[in-house]
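K.L.:
Before anything else, here's the structure in question.
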Amino acid sequence: MEDLQKRDLTVLDGYIASAIGTTTTRHASEERFDCPPLVEAVSAERIMRTTLHDMFDKYVSIETDGTPTLDEVKTYYWKGAKNVTSAHGAKPDFSLDDYFHVDQDRHYHAVKASVVERHAPGSVPLVLFEAVDEYQRILGLDSVNAARIMLTLFKKSMPIISDRAQSFIAKGLRPEEASREAVRDFANTTVPMHISFLHDKGGDQINKLPPMINKSSIYPDIDTRGKGGEPLLLSADDAAGFTKVSRIQERPYTPRELAMAEVMYNYPTLQKAVLMFHLSYVDYAAKYLERNPDRLQHSLEPFTEIFVANKEGVYVPNPKLIRVIGNNTLPAVARVLINEGVGANDLTSSFLQDGALLAKKLHVFQTQIGQFKQSKRSEGLIDMKSIFTRTCPAMKMFTDAMTQQLPVIFENCR
231 MEDLQKRDLT
241 VLDGYIASAI
251 GTTTTRHASE
261 ERFDCPPLVE
271 AVSAERIMRT
281 TLHDMFDKYV
291 SIETDGTPTL
301 DEVKTYYWKG
311 AKNVTSAHGA
321 KPDFSLDDYF
331 HVDQDRHYHA
341 VKASVVERHA
351 PGSVPLVLFE
361 AVDEYQRILG
371 LDSVNAARIM
381 LTLFKKSMPI
391 ISDRAQSFIA
401 KGLRPEEASR
411 EAVRDFANTT
421 VPMHISFLHD
431 KGGDQINKLP
441 PMINKSSIYP
451 DIDTRGKGGE
461 PLLLSADDAA
471 GFTKVSRIQE
481 RPYTPRELAM
491 AEVMYNYPTL
501 QKAVLMFHLS
511 YVDYAAKYLE
521 RNPDRLQHSL
531 EPFTEIFVAN
541 KEGVYVPNPK
551 LIRVIGNNTL
561 PAVARVLINE
571 GVGANDLTSS
581 FLQDGALLAK
591 KLHVFQTQIG
601 QFKQSKRSEG
611 LIDMKSIFTR
621 TCPAMKMFTD
631 AMTQQLPVIF
641 ENCR
């Protein structure tokens with residue numbers, strides 16, 4: 231088993247060095263338009279998940295009676311964290327306090343507004359946003375599930391969309407415009423057919439859709455035999471816009487929830503708890519690596535959302551994690567508070583735990599993304615080969631920790 235683990239880590243080292251560097255598979259695909267082969271990406275994700283759980287396989291706790299002070303904790307934390315670079319997601323112009331904010335534009339209407347401002351009518355992202363709107367308007371779905379269902383249908387239809395684009399190219403359209411026409415055809419024909427198909431199932435079945443999104447029974451039969459020989463050719467602008475559509479899936483919160491989360495993140499007790507929670511994980515990792523020096527023979531990139539080794543070889547917290555907690559978990563805590571009819575001032579460890587569980591249920595660390603690659607067929611264009619599901623390898627470990635450890639530390643800091 232140990233030899234197998236070492237062999238897996240060697241494979242992961244190669245994937246990191248050759249395919250993604252200090253980024254993720256998602257960033258390689260969506261920002262560099264250089265997605266690695268999916269077989270390699272899926273294998274790497276599995277190994278990353280395993281190595282994360284191998285390190286953090288115990289209950290991480292920290293004993294505190296409320297001391298040291300918040301200022302002392304901040305000083306200690308920032309001494310190391312300030313040296314983490316943008317290569318690992320830190321913000322070069324941020325102070326520590328700048329991380330304790332919740333982005334207020336992480337909701338559907340703000341994302342759509344940015345796309346409307348940036349992209350022309352008839353472009354791929356705008357057409358797909360309009361399709362998402364149709365699922366919401368006719369079926370009463372929320373934006374997150376509407377986007378997930380529409381993108382799953384798009385994935386199932388991609389061979390037909392690609393074939394349709396090829397037929398438009400044959401008629402003389404430029405490749406990027408041919409793809410836009412093919413996507414518009416999908417939105418004007420396949421989407422309405424699917425909405426009608428779901429509508430006919432009745433309201434009770436529509437209410438059951440969220441956990442069934444990947445079930446073939448909620449999609450009409452689509453015959454793709456003999457179709458889809460070529461990837462879809464998109465302009466770089468359309469490809470970038472497509473990533474905004476996929477982002478909807480990770481933005482389930484309302485402006486009210488985001489605003490309340492921002493208020494909570496200004497509370498000294500919560501700031502202190504988050505910093506001590508993070509530091510306890512870095513300390514635990516350092517002790518693990520001291521006990522298991524062989525692990526240092528392999529890349530530590532899978533752990534960099536939690537800690538980074540500085541120039542002196544000391545493990546320091548990556549402050550990016552503060553923003554991850556603020557943007558993904560705290561709005562879920564706010565939803566719990568709102569549903570209970572209480573305010574931010576009523577925050578307790580129990581509400582923190584319930585919010586962390588809700589964030590996990592909302593799948594904020596899982597999404598469908600495009601498989602993009604710089605095209606070798608048409609210079610300056612992007613090949614879109616498929617859509618695939620990407621789950622953060624640390625999702626289970628992180629959400630378990632947020633549920634089990636952060637509330638305890640918060641309670642001790644009060």
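Basically this note's numbering = 1-based index in the sequence shown + 230.
Backbone N, C-alpha and C define an ideal beta-carbon position, used for all residues, glycine too.
These numbers come from a predicted model, not from an experiment.
(1) Tell me whether the beta-carbon of residue 559 lies closer than 7 Å to the beta-carbon of residue 632.
(2) For the putative contact between residue 381 and residue 598, defined by C-beta atoms under 8 Å, what is the C-beta separation to the nearest angstrom?
(3) Where in the stretch 304-390 do unbroken runs of the alpha helix (DSSP H), each at least 4 residues long, occur, reported from the N-terminal end onward?
(4) Which residue from 425, 283, 568 and 484 puts its Cα closest to that of residue 515?
(5) What residues in its chain sit with their C-beta under 7 Å from that of residue 456, if we drop five residues either side in the sequence?
(6) Could you give the uninterrupted runs of the beta strand (DSSP E) lying entirely in the stretch 592-624, keeping only those of 3 residues or more?
(7) Can you tell me where the beta strand (DSSP E) holding residue 465 begins and where it ends?
(8) If you run the structure through DSSP and keep just helix, strand and coil, what is residue 398?
(9) Give the DSSP bridge partners of residue 546, in chain order.
(10) List the residues that DSSP assigns as beta-bridge partners of residue 264.
(11) Assign residue 499 to one of three DSSP states: helix, strand, or coil.
(12) Could you give the uninterrupted runs of the alpha helix (DSSP H) lying entirely in the stretch 405-463, keeping only those of 4 residues or more?
(13) Check whether the stretch 376-390 and the stretch 353-362 are in contact - that is, three or more C-beta pairs closer than 8 Å.
(14) Within the same chain, show all residues whose beta-carbon is closer than 6 Å to that of residue 625, passing over the 5 residues directly before and after it, in chain order.
(15) Rounded to whole angstroms, what's the CA-CA distance from residue 324 to residue 317? Just pull it up for me.
(16) In angstroms, rounded to a whole number, what distance separates the CA positions of residue 643 and residue 336?
(17) Can you tell me which of the three DSSP states residue 529 falls into?
(18) Taking the straight line between their C-alpha atoms, what separation do you get for residue 273 and residue 523?
(19) Using 10 angstroms around the beta-carbon of residue 573, count the other beta-carbons present and answer buried if the total reaches 16, otherwise exposed.
(20) Assuming residue 492 is part of the alpha helix (DSSP H), what are its boundary residues?
(21) Taking the alpha-carbon positions, what's the residue 353 to residue 468 distance?
(22) Distance, Cα to Cα, residue 231 vs residue 240?
(23) Count the other CB atoms within 10 Å of the CB of residue 396; is the residue buried (16 or more) or exposed (fewer)?
(24) By a C-beta neighbour count over all protein chains shown, 10 Å radius and 16 as the cutoff for buried, is residue 267 buried or exposed?
(25) Please classify residue 253: does DSSP put it in a helix, a strand, or coil?
(26) Whole angstroms is fine: what's the gap from residue 526's alpha carbon to residue 539's?
(27) Specify, as a first and last residue, the run of the alpha helix (DSSP H) that residue 641 falls within.
(28) By Cβ distance, which residues of its chain are closer than 6 Å to residue 641, with the 5 residues on each side in sequence left out?
(29) Using CA coordinates, which residue listed in 550, 634 and 590 is at the minimum distance from residue 326?
(30) Hey, could you find the ends of the alpha helix (DSSP H) residue 574 is sitting in?
(31) Thinking just about the alpha-carbon of each residue, which of 269, 405, 372 and 415 is nearest to the one in residue 440?
(32) DSSP three-state call for residue 298: helix, strand or coil?
(33) Would you mind working out which of 512, 448 and 529 sits nearest residue 376, comparing C-alpha positions?
(34) Using the C-alpha atoms, what's the distance from residue 330 back to residue 501?
(35) Could you spell out where the alpha helix (DSSP H) holding residue 560 opens and where it closes?
(36) When the Cα of residue 529 is compared with those of 265, 260, 277 and 257, which residue comes out closest?
P.N.:
Looking at the atomic coordinates:
(1) Closer than 7 Å, so yes.
(2) The pair is a contact, with the Cβ atoms about 5 Å apart (cut-off 8 Å).
(3) The DSSP assignment places complete alpha helix (DSSP H) segments of no fewer than 4 residues inside the stretch 304-390 at 326-329, 338-348 and 354-369, in order along the chain.
(4) Distance check between residue 515 and each of 425, 283, 568 and 484 places 283 closest, using alpha-carbon atoms only.
(5) So the list is empty, once near-sequence residues are dropped.
(6) Runs of the beta strand (DSSP E) spanning 3 or more residues and lying entirely within the stretch 592-624 occur at 596-604 and 611-621, in chain order.
(7) It spans 462-465 - the beta strand (DSSP E) in which residue 465 sits, taken as one unbroken run.
(8) DSSP places residue 398 in helix when its eight states are reduced to three.
(9) BP columns for residue 546 point to 538.
(10) By DSSP's assignment, residue 264 forms a beta bridge with 603.
(11) Here residue 499 carries a helix assignment [DSSP, helix/strand/coil].
(12) Qualifying alpha helix (DSSP H) stretches, in chain order: 405-415, 421-429 and 433-437.
(13) Contact holds: three or more Cβ-Cβ distances are below 8 Å.
(14) Result list for residue 625: 595, in chain order.
(15) Approximately 14 Å, taken between the alpha carbons.
(16) Going by the C-alpha atoms only, they are around 29 Å apart.
(17) Of the three classes helix, strand and coil, the one that applies to residue 529 here is coil, per DSSP.
(18) Between residue 273 and residue 523, the C-alpha separation is close to 24 Å.
(19) By the neighbour-count rule (16 or more Cβ atoms within 10 Å), residue 573 is not buried but exposed.
(20) Run containing residue 492: 485-494, per the alpha helix (DSSP H) assignment.
(21) Distance between the alpha carbons of residue 353 and residue 468 is about 7 Å.
(22) Interpretation of residue 231 is limited by its pLDDT of 38, a score under 50 that renders its predicted location unreliable; no figure is taken from the coordinates.
(23) It is buried - the Cβ of residue 396 has at least 16 other Cβ atoms within 10 Å.
(24) The residue in question, residue 267, is exposed, as its Cβ has fewer than 16 Cβ neighbours within 10 Å.
(25) Residue 253 falls in the coil class under three-state DSSP.
(26) Cα to Cα, residue 526 sits roughly 11 Å from residue 539.
(27) Going by DSSP, residue 641 is part of the alpha helix (DSSP H) stretching over 636-643.
(28) 579, listed in sequence order.
(29) Selected option, being the one with the closest Cα: 550.
(30) Looking at the DSSP string, residue 574 is not in any alpha helix (DSSP H), and its letter there is neither H nor E.
(31) The option with the nearest alpha carbon to residue 440 is 372.
(32) Looking at residue 298 - three-state DSSP - the assignment turns out to be coil, as it is neither helix nor strand.
(33) The residue with the shortest Cα to Cα distance from residue 376 is 448.
(34) Whole-angstrom Cα-Cα distance: 8 Å.
(35) Element bounds for residue 560: 560-569.
(36) Measuring from the Cα of residue 529, the nearest candidate turns out to be 277.
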